[in-house]
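Notes to accompany the following structure.
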Amino acid sequence: MKILHSNLIGNSDRDLFIIHGFLGMGDNWKTHAKKIAEKDFQVHLLDLRNHGKSFWSKDFSFELMVDDIYNYAKHNKIKKFSLLGHSMGGNVSMLFSQKYPEFLDKIIIVDIIPKEYKPHHENILNSLISLDFKKINSRKDADFHLSNYVEDERVRQFLLKNLYWIDKESLGLKLNIKVLSKFKNKLSISLQKDLKFDNPSLFLYGENSPYVAEADFPLIQKHFSNIQIIKVPLSGHWVHADNPSFFLDRTINFLN
(Lines of atoms letter the chains of each structure in order from A and count residues from 1; the text may use other names and numbers.)
(Lines give C-alpha, C1' and ligand atoms only; values in the text may rest on other atoms or scores of the structure.)
Protein backbone atom coordinates (compact mmCIF):
# COMPACT_ATOMS: atom_id res chain seq x y z
CA MET A 1 0.00 0.00 0.00
CA LYS A 2 1.42 3.37 -1.05
CA ILE A 3 1.09 6.32 1.33
CA LEU A 4 0.66 9.95 0.29
CA HIS A 5 3.56 12.35 0.73
CA SER A 6 2.97 15.06 3.32
CA ASN A 7 4.73 18.06 4.78
CA LEU A 8 4.06 18.43 8.52
CA ILE A 9 3.92 21.88 10.07
CA GLY A 10 3.46 22.42 13.79
CA ASN A 11 3.41 20.03 16.72
CA SER A 12 0.07 19.35 18.36
CA ASP A 13 -2.38 16.56 19.03
CA ARG A 14 -4.95 18.50 16.98
CA ASP A 15 -4.52 17.47 13.36
CA LEU A 16 -5.67 19.34 10.26
CA PHE A 17 -5.29 17.81 6.79
CA ILE A 18 -5.21 20.31 3.90
CA ILE A 19 -6.20 18.93 0.50
CA HIS A 20 -5.11 20.94 -2.54
CA GLY A 21 -6.88 21.39 -5.86
CA PHE A 22 -6.36 19.93 -9.35
CA LEU A 23 -2.76 20.40 -10.60
CA GLY A 24 -1.73 21.81 -7.21
CA MET A 25 0.27 20.45 -4.27
CA GLY A 26 0.36 20.72 -0.52
CA ASP A 27 3.22 23.23 -0.57
CA ASN A 28 0.89 25.80 -2.18
CA TRP A 29 -0.62 26.09 1.31
CA LYS A 30 2.60 26.40 3.31
CA THR A 31 2.18 30.06 4.33
CA HIS A 32 -1.37 29.45 5.55
CA ALA A 33 -0.36 26.23 7.31
CA LYS A 34 2.28 28.07 9.36
CA LYS A 35 -0.31 30.58 10.57
CA ILE A 36 -2.79 27.83 11.48
CA ALA A 37 -0.08 25.78 13.22
CA GLU A 38 0.65 28.76 15.49
CA LYS A 39 -2.84 28.25 16.94
CA ASP A 40 -1.97 24.79 18.29
CA PHE A 41 -2.49 22.56 15.27
CA GLN A 42 -0.36 20.03 13.46
CA VAL A 43 -1.06 20.71 9.80
CA HIS A 44 -0.60 17.95 7.23
CA LEU A 45 -0.03 19.34 3.74
CA LEU A 46 -0.91 16.31 1.64
CA ASP A 47 0.01 15.75 -1.99
CA LEU A 48 -2.72 13.77 -3.73
CA ARG A 49 -1.72 10.86 -5.98
CA ASN A 50 -0.15 11.97 -9.28
CA HIS A 51 0.56 15.40 -7.73
CA GLY A 52 3.54 16.95 -5.95
CA LYS A 53 5.85 14.39 -4.37
CA SER A 54 3.25 11.64 -4.00
CA PHE A 55 3.29 8.41 -5.95
CA TRP A 56 2.19 8.16 -9.56
CA SER A 57 -0.51 5.73 -10.60
CA LYS A 58 -2.36 5.02 -13.85
CA ASP A 59 -5.49 4.82 -11.69
CA PHE A 60 -7.05 8.12 -10.66
CA SER A 61 -10.52 8.73 -9.26
CA PHE A 62 -12.27 10.51 -6.41
CA GLU A 63 -12.88 7.19 -4.69
CA LEU A 64 -9.17 6.36 -4.77
CA MET A 65 -8.20 9.80 -3.45
CA VAL A 66 -10.66 9.41 -0.55
CA ASP A 67 -9.17 6.03 0.32
CA ASP A 68 -5.64 7.46 0.05
CA ILE A 69 -6.50 9.93 2.83
CA TYR A 70 -7.99 7.12 4.91
CA ASN A 71 -4.83 5.04 4.40
CA TYR A 72 -2.65 8.01 5.34
CA ALA A 73 -4.59 8.53 8.59
CA LYS A 74 -4.45 4.82 9.47
CA HIS A 75 -0.73 4.60 8.62
CA ASN A 76 0.01 7.55 10.91
CA LYS A 77 -2.35 6.27 13.64
CA ILE A 78 -4.49 9.42 13.50
CA LYS A 79 -7.98 8.58 14.72
CA LYS A 80 -9.52 12.07 14.54
CA PHE A 81 -8.71 15.11 12.43
CA SER A 82 -10.23 18.07 10.61
CA LEU A 83 -10.21 18.45 6.84
CA LEU A 84 -9.78 21.57 4.71
CA GLY A 85 -10.19 21.09 0.97
CA HIS A 86 -10.06 23.60 -1.88
CA SER A 87 -11.65 23.03 -5.29
CA MET A 88 -11.00 19.39 -6.26
CA GLY A 89 -9.66 18.94 -2.72
CA GLY A 90 -13.01 20.20 -1.44
CA ASN A 91 -14.76 17.52 -3.47
CA VAL A 92 -12.43 14.87 -2.04
CA SER A 93 -13.13 16.19 1.47
CA MET A 94 -16.92 16.11 1.04
CA LEU A 95 -16.77 12.55 -0.26
CA PHE A 96 -14.50 11.59 2.66
CA SER A 97 -17.09 12.99 5.09
CA GLN A 98 -19.67 10.65 3.61
CA LYS A 99 -17.52 7.53 3.58
CA TYR A 100 -15.48 7.97 6.79
CA PRO A 101 -17.37 10.49 8.99
CA GLU A 102 -16.11 8.83 12.18
CA PHE A 103 -12.60 10.20 11.47
CA LEU A 104 -13.64 13.82 11.17
CA ASP A 105 -13.87 16.50 13.81
CA LYS A 106 -14.65 19.43 11.49
CA ILE A 107 -14.63 20.10 7.76
CA ILE A 108 -13.88 23.24 5.73
CA ILE A 109 -14.91 23.30 2.07
CA VAL A 110 -13.44 26.06 -0.06
CA ASP A 111 -15.13 27.32 -3.22
CA ILE A 112 -16.60 24.15 -4.69
CA ILE A 113 -20.13 22.75 -4.83
CA PRO A 114 -21.21 19.10 -5.30
CA LYS A 115 -22.65 19.73 -8.75
CA GLU A 116 -21.81 19.28 -12.43
CA TYR A 117 -19.24 21.75 -13.79
CA LYS A 118 -18.44 22.20 -17.47
CA PRO A 119 -14.88 21.07 -18.34
CA HIS A 120 -12.62 24.12 -18.49
CA HIS A 121 -9.04 22.94 -18.04
CA GLU A 122 -8.37 22.18 -21.72
CA ASN A 123 -5.90 25.02 -22.40
CA ILE A 124 -4.03 24.50 -19.15
CA LEU A 125 -3.66 20.77 -19.73
CA ASN A 126 -2.59 21.27 -23.34
CA SER A 127 0.04 23.76 -22.21
CA LEU A 128 1.53 21.23 -19.78
CA ILE A 129 1.28 18.22 -22.09
CA SER A 130 3.12 20.12 -24.83
CA LEU A 131 6.09 21.12 -22.67
CA ASP A 132 9.14 19.67 -24.46
CA PHE A 133 11.92 19.39 -21.91
CA LYS A 134 14.43 18.50 -24.61
CA LYS A 135 14.10 22.11 -25.73
CA ILE A 136 12.97 23.82 -22.53
CA ASN A 137 15.75 24.09 -19.97
CA SER A 138 14.72 27.02 -17.80
CA ARG A 139 11.65 28.25 -15.96
CA LYS A 140 11.69 31.32 -18.19
CA ASP A 141 11.47 29.12 -21.29
CA ALA A 142 8.65 27.13 -19.73
CA ASP A 143 6.74 30.31 -18.84
CA PHE A 144 7.11 31.60 -22.41
CA HIS A 145 5.72 28.31 -23.73
CA LEU A 146 2.79 28.34 -21.29
CA SER A 147 1.97 31.94 -22.26
CA ASN A 148 0.89 30.68 -25.70
CA TYR A 149 -1.96 28.86 -23.97
CA VAL A 150 -2.55 30.69 -20.68
CA GLU A 151 -2.69 34.50 -20.63
CA ASP A 152 -3.06 34.90 -16.86
CA GLU A 153 0.44 35.22 -15.40
CA ARG A 154 -0.80 34.23 -11.97
CA VAL A 155 -2.14 30.93 -13.28
CA ARG A 156 1.17 30.32 -15.06
CA GLN A 157 3.12 30.91 -11.85
CA PHE A 158 0.85 28.39 -10.11
CA LEU A 159 1.55 25.84 -12.86
CA LEU A 160 5.30 26.53 -12.89
CA LYS A 161 5.52 25.39 -9.27
CA ASN A 162 5.15 21.89 -10.70
CA LEU A 163 8.54 22.12 -12.42
CA TYR A 164 11.55 20.48 -10.81
CA TRP A 165 15.14 19.71 -11.75
CA ILE A 166 15.60 16.00 -12.52
CA ASP A 167 19.33 16.71 -12.62
CA LYS A 168 21.51 19.78 -13.19
CA GLU A 169 20.48 20.08 -16.83
CA SER A 170 17.01 18.55 -17.12
CA LEU A 171 13.63 19.88 -16.02
CA GLY A 172 10.59 17.71 -15.43
CA LEU A 173 7.00 17.90 -14.16
CA LYS A 174 5.92 16.69 -10.73
CA LEU A 175 2.47 16.05 -12.18
CA ASN A 176 1.55 12.79 -13.89
CA ILE A 177 0.06 14.88 -16.67
CA LYS A 178 -0.82 11.98 -18.99
CA VAL A 179 -3.11 10.46 -16.37
CA LEU A 180 -4.47 13.77 -15.08
CA SER A 181 -5.38 14.97 -18.56
CA LYS A 182 -7.77 12.01 -18.90
CA PHE A 183 -9.55 13.17 -15.73
CA LYS A 184 -10.44 16.62 -17.10
CA ASN A 185 -14.11 15.71 -17.68
CA LYS A 186 -14.52 13.94 -14.33
CA LEU A 187 -13.82 16.75 -11.86
CA SER A 188 -17.44 17.11 -10.71
CA ILE A 189 -19.12 15.08 -7.98
CA SER A 190 -22.53 14.38 -6.54
CA LEU A 191 -23.14 13.26 -2.96
CA GLN A 192 -25.32 10.40 -1.77
CA LYS A 193 -28.76 11.82 -1.07
CA ASP A 194 -29.40 10.00 2.20
CA LEU A 195 -26.06 10.81 3.89
CA LYS A 196 -25.57 13.85 6.11
CA PHE A 197 -22.50 15.09 7.98
CA ASP A 198 -23.59 16.47 11.36
CA ASN A 199 -20.32 17.83 12.77
CA PRO A 200 -19.39 21.52 12.46
CA SER A 201 -18.78 22.49 8.83
CA LEU A 202 -17.63 25.69 7.16
CA PHE A 203 -18.14 26.67 3.52
CA LEU A 204 -16.01 29.56 2.27
CA TYR A 205 -16.53 30.94 -1.21
CA GLY A 206 -15.15 33.83 -3.22
CA GLU A 207 -17.29 36.91 -3.78
CA ASN A 208 -16.28 36.93 -7.45
CA SER A 209 -15.84 33.19 -7.97
CA PRO A 210 -17.37 31.65 -11.10
CA TYR A 211 -17.61 28.33 -9.22
CA VAL A 212 -20.29 29.25 -6.69
CA ALA A 213 -23.68 30.98 -6.85
CA GLU A 214 -26.04 31.55 -3.91
CA ALA A 215 -28.60 29.39 -5.70
CA ASP A 216 -26.19 26.46 -5.15
CA PHE A 217 -26.30 26.68 -1.34
CA PRO A 218 -29.10 24.08 -0.90
CA LEU A 219 -26.87 21.54 -2.66
CA ILE A 220 -24.41 21.78 0.20
CA GLN A 221 -26.81 22.52 3.08
CA LYS A 222 -28.74 19.30 2.57
CA HIS A 223 -25.59 17.23 3.18
CA PHE A 224 -24.04 19.29 6.00
CA SER A 225 -26.57 19.91 8.75
CA ASN A 226 -24.31 22.11 10.90
CA ILE A 227 -22.76 24.39 8.28
CA GLN A 228 -21.73 28.04 8.25
CA ILE A 229 -21.57 29.71 4.84
CA ILE A 230 -19.25 32.70 4.52
CA LYS A 231 -18.61 34.88 1.47
CA VAL A 232 -14.99 36.02 1.25
CA PRO A 233 -14.86 39.58 -0.12
CA LEU A 234 -12.46 40.67 -2.84
CA SER A 235 -11.73 37.12 -3.91
CA GLY A 236 -12.28 34.72 -6.78
CA HIS A 237 -11.78 30.95 -6.89
CA TRP A 238 -8.39 31.19 -5.14
CA VAL A 239 -10.05 32.51 -2.00
CA HIS A 240 -7.07 31.83 0.27
CA ALA A 241 -4.63 33.66 -2.00
CA ASP A 242 -6.90 36.60 -2.90
CA ASN A 243 -7.85 37.55 0.66
CA PRO A 244 -5.54 35.60 2.98
CA SER A 245 -6.14 37.61 6.16
CA PHE A 246 -9.94 37.25 5.98
CA PHE A 247 -9.63 33.60 4.98
CA LEU A 248 -7.27 32.75 7.85
CA ASP A 249 -9.28 34.70 10.41
CA ARG A 250 -12.49 32.82 9.59
CA THR A 251 -10.73 29.47 9.27
CA ILE A 252 -8.89 29.71 12.61
CA ASN A 253 -11.97 31.02 14.45
CA PHE A 254 -13.97 28.07 13.14
CA LEU A 255 -11.33 25.48 14.01
CA ASN A 256 -11.00 26.83 17.54
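Be aware that the sequence shown starts at 90, since it is given in this note's numbering, and climbs by one per residue. All residues carry an ideal CB built from backbone N, CA and C; glycine is no exception.
Residue pairing by DSSP places V155 opposite no residue, since no beta bridge is assigned to it.
The three-state reading of DSSP puts D136 in coil, since its state is none of H, G, I, E or B. Closest option to E258, judged by alpha-carbon separation, among D283, K223, H109 and L235: K223. Between the alpha carbons of N165 and D136 lies a distance of about 15 Å. Take the alpha-carbon of E303 and the one of K282: they are about 20 Å apart. Shown here, V244 sits in a helix according to DSSP, grouped into three states. Partner residues in the beta bridge of K320, as assigned by DSSP, are Y294. The beta carbon of H94 is closer than 7 Å to those of D136, G141, K142 and S143 in its chain, skipping five residues each way along the sequence. In the DSSP annotation of this structure, K195 is not part of any alpha helix (DSSP H); the continuous beta strand (DSSP E) holding it starts and ends at L193 to V199.
With a minimum length of 3 residues, the unbroken runs of beta strand (DSSP E) contained wholly in the stretch 221-286 fall at 252-254 and 260-262. Following the DSSP letters along the chain, one finds F313 in no beta strand (DSSP E), marked with neither H nor E.
Residues K195 and N315 of the same chain have their beta carbon placed closer than 6 Å to that of P289, with the five preceding and five following residues left out of the count. S176: not part of any beta strand (DSSP E); DSSP gives it neither H nor E.
Using a 10 angstroms sphere on the CB of W254, the tally of other CB atoms stays under 16, which defines it as exposed. Sixteen is the threshold: when 16 or more other Cβ atoms of the shown chains lie within 10 Å of the Cβ of D200, as they do, the residue is buried. Burial state of Q131 is buried, judged by a 10 Å Cβ sphere holding 16 or more other Cβ atoms. Taking 8 Å as the cut-off, the Cβ atoms of N139 and S146 count as close.
Membership of N96 in the beta strand (DSSP E) is indicated by the continuous run S95 to I98. In the structure shown, I108 falls within a strand segment according to DSSP collapsed to helix, strand and coil. Per DSSP, the continuous alpha helix (DSSP H) segment holding S334 begins and ends at P333 to L344. Beyond the five residues adjoining it in sequence on each side, V155 comes within less than 8 Å, by CB distance, of V181, L184, F185, K188 and Y189 in the same chain, given in chain order. Contact annotation, M177 with G110: C-beta distance approximately 5 Å; criterion of less than 8 Å satisfied. If you draw a 10 Å sphere on the C-beta of K275, you find fewer than 16 other C-beta atoms in it, and that means exposed. For E211, the enclosing alpha helix (DSSP H) begins and ends at E211 to I218.
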